[in-house]
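Here's the structure, in structure tokens; my notes come after.
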Amino acid sequence: MLFDGDKHKLHLEYPCRWIYKIIGTNQDEMQTAVTEIIRDRPCKISISRRSETAKYISLNVELVVESESHRMELYSAFKAHRAIKVVL
-3 MLFDGDKHKL HLEYPCRWIY KIIGTNQDEM QTAVTEIIRD RPCKISISRR SETAKYISLN
57 VELVVESESH RMELYSAFKA HRAIKVVL
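Start counting the sequence shown at -3; every next residue gets the next number (my numbering).
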């Protein structure tokens, strides 16, 4: 992974491991969303953090992405799912 400071663009070598941080209010629904979106691809899901009031939870979803378009396709799918409020 390289960062071109002049052009402010991230250069990745694919395939590569990528971690999405997803934030929502219901852990079970978020995990179901991940399963629906990535289907049979292997991934690691781990709890990142719970908000102080326990209203929100963030999960890390780590998997191998094959290309820039694949990475962005997954990002868009996570972002569009009703169980996921924010994708980082």
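Backbone N, C-alpha and C define an ideal beta-carbon position, used for all residues, glycine too.
Item: With 16 other Cβ atoms within 10 Å as the buried cut-off, status of H7; Value: exposed
Item: Counted within 10 angstroms of its Cβ, other Cβ atoms place M68 as buried (16 or more) or exposed; Value: exposed
Item: One or two residues paired with E58 in a DSSP bridge; Value: I15 and K40
Item: Range of the contiguous alpha helix (DSSP H) that encloses K75; Value: E64 to A76
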